[in-house]
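According to our numbering, the stretch in the sequence shown is residues 2 to 252, in order.
Contents: one structure, followed by commentary.
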Amino acid sequence: PGESALSLLLNPVELIGRIADGAKKSWLPLLTGNSNTAFSGAIVEKVVMLSSDVAAITLTNPWPDARFHPGQYISVNMESLGRKETRQYSITRFTPQTISIAVRKIEGGKVSPQMHALKPGSSVELVGKIKGDFTLDVADKNILFVAGGVGLTPILAMLENLESDQDAVLIYFNRGAEHVLFKADLEKLTKAKRVRVFHVLDSDADGRYSLENIRRHAPDFESRAIYTCAPQVMLELFEKDLASVGFDMHR
């Protein structure tokens, strides 16, 4: 407001910055043929705390005609300390009207505290389109899902999109009962789909990840297609255990 073209011409650094920013958001993606670098706006419709450090956030869907594959994610831009930071969040639920994600707050983080501060009506900048290759294969008829903490988010979308001829077991690891996410949704899925859900808590006598816990709840795990999303340490332990029993990681 109150800014003239002359004032911009007298400030070439600012002018170049605005031209570059406008190019990224408009004609540059068209010129390069890379529409995945384009930006889209979304409005926050709802924020619900799922636990003390995880918030479920529902956004308006800027791509109502997009084809969503369960397990995919969106990229969110947030400004922190004068620069844009991009973070990826798995989609828990996708409709032509809305996209839902779940965000764990990292103390001292550059983006997650801002995501938790969002309110209905807040605007959010999304980068590119829906992406991700960690997706559900309808050809897999017997499946084991292994999730840890907020790693449930892409798996929840997969569970909700199971076909009637797909049988699934979910083993869900958490620090305690208060950290279990989407508990009511999981209970509904056990009634609506061929899904069995087992919770393993660090606070339990036999809690924490172990191959014994996998065997206890899914004794046929070696014959199932396995999808897992969990903290890196747990993923590495699980991969090592699968290799020890000769599980084919590339089948």
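Where is the CB? At the ideal position from N, CA and C, for every residue including glycine.
Assign residue i to one of three DSSP states: helix, strand, or coil.
{"i": "Ser-27", "result": "Note on Ser-27: pLDDT 45, under 50, position unreliable in the model; the coordinate value appears next. If DSSP states are grouped into helix, strand and coil, Ser-27 belongs with coil."}
{"i": "Gly-34", "result": "Model confidence at Gly-34 stands at a pLDDT of 43, short of 50, so the residue's coordinates are unreliable; what they give is reported in the following sentence. Coil."}
{"i": "Leu-190", "result": "helix"}
{"i": "Lys-111", "result": "coil"}
{"i": "His-200", "result": "strand"}
{"i": "Glu-164", "result": "coil"}
{"i": "Met-250", "result": "coil"}
{"i": "Ser-76", "result": "strand"}
{"i": "Phe-222", "result": "helix"}
{"i": "Lys-184", "result": "helix"}
{"i": "Ala-178", "result": "helix"}
Straight-line CA distance for residue i to residue j?
{"i": "Ser-101", "j": "Pro-63", "result": "12 Å"}
{"i": "Ala-231", "j": "Asn-175", "result": "10 Å"}
{"i": "Arg-197", "j": "Ser-123", "result": "37 Å"}
{"i": "Glu-240", "j": "Val-125", "result": "36 Å"}
{"i": "Gln-115", "j": "Asp-221", "result": "43 Å"}
{"i": "Lys-130", "j": "Val-234", "result": "30 Å"}
{"i": "Glu-237", "j": "Thr-229", "result": "11 Å"}
{"i": "Ser-27", "j": "Lys-189", "result": "Any reading at Ser-27 is ruled out, since the residue's pLDDT is 45, under 50, leaving its predicted position unreliable."}
{"i": "Lys-111", "j": "Gly-133", "result": "23 Å"}
{"i": "Arg-225", "j": "Gly-42", "result": "40 Å"}
{"i": "Asp-186", "j": "Gln-73", "result": "19 Å"}
{"i": "Ala-169", "j": "Ser-76", "result": "29 Å"}
{"i": "Lys-253", "j": "Lys-120", "result": "Residue 253 falls outside the range modelled here, since the chain spans only 2 to 252, and no answer is possible."}
{"i": "Lys-192", "j": "Phe-40", "result": "39 Å"}
{"i": "Arg-105", "j": "Leu-51", "result": "10 Å"}
{"i": "Asp-242", "j": "Leu-153", "result": "21 Å"}
{"i": "Asp-249", "j": "Ile-227", "result": "10 Å"}
{"i": "His-251", "j": "Leu-157", "result": "23 Å"}
{"i": "Val-246", "j": "Pro-65", "result": "44 Å"}
{"i": "Leu-202", "j": "Ala-219", "result": "17 Å"}
{"i": "Leu-212", "j": "Gly-109", "result": "34 Å"}
{"i": "Thr-87", "j": "Ile-107", "result": "15 Å"}
{"i": "Val-48", "j": "Glu-223", "result": "39 Å"}
So the candidates are the options; which of them puts its Cα closest to the Cα of residue i?
{"i": "His-200", "options": "Lys-192, Arg-217, Ala-193, Gly-133", "result": "Arg-217"}
{"i": "Ile-44", "options": "Leu-127, Thr-229, Gln-73, Ala-158", "result": "Leu-127"}
{"i": "Glu-46", "options": "Ala-39, Thr-99, His-117", "result": "Thr-99"}
{"i": "Ser-204", "options": "Ala-219, Glu-188, Glu-179", "result": "Glu-179"}
{"i": "Arg-209", "options": "Tyr-173, Ser-53, Ala-185", "result": "Tyr-173"}
{"i": "Thr-262", "options": "Lys-85, Gln-73, Ala-57, Thr-61", "result": "Missing from the structure shown is residue 262; the chain here goes from 2 to 252 and no further."}
{"i": "Val-55", "options": "Glu-86, Pro-65, Ala-118, Glu-223", "result": "Ala-118"}
{"i": "Thr-59", "options": "Ala-103, Pro-65, Lys-85, Thr-87", "result": "Ala-103"}
Where does the unbroken alpha helix (DSSP H) through residue i begin, and where does it stop?
{"i": "Asp-154", "result": "Note that residue 154 corresponds to Thr in the displayed sequence, not to Asp. Start and end: 153 to 161."}
{"i": "Asp-242", "result": "233 to 245"}
{"i": "Leu-82", "result": "Premise fails: Leu-82 is in no alpha helix (DSSP H) and is neither H nor E."}
{"i": "Arg-105", "result": "Per DSSP, Arg-105 belongs to no alpha helix (DSSP H); it is in the beta strand (DSSP E), 99 to 105."}
{"i": "Leu-212", "result": "212 to 218"}
Grab the span of the beta strand (DSSP E) containing residue i for me, first residue to last.
{"i": "Asn-143", "result": "143 to 149"}
{"i": "Ala-67", "result": "Neither: Ala-67 is in no beta strand (DSSP E) and is coded neither H nor E."}
{"i": "Ser-41", "result": "40 to 50"}
Give a yes or no on whether 8 Å exceeds the smallest Cβ distance from residue i to chain D.
{"i": "Val-49", "result": "Although the question refers to chain D, the structure presented lacks it and comprises just one protein chain."}
Checklist entry - So, do the segment 80 to 94 and the segment 140 to 150 have three or more beta carbon pairs nearer to each other than 8 Å? => result no
Checklist entry - Okay, do the segment 136 to 145 and the segment 89 to 96 touch, 3+ Cβ pairs below 8 Å being the bar? => result no
Checklist entry - Counting Cβ pairs, one atom from each stretch, are 3 or more of them under 8 Å apart for the segment 186 to 197 and the segment 57 to 71? => result no
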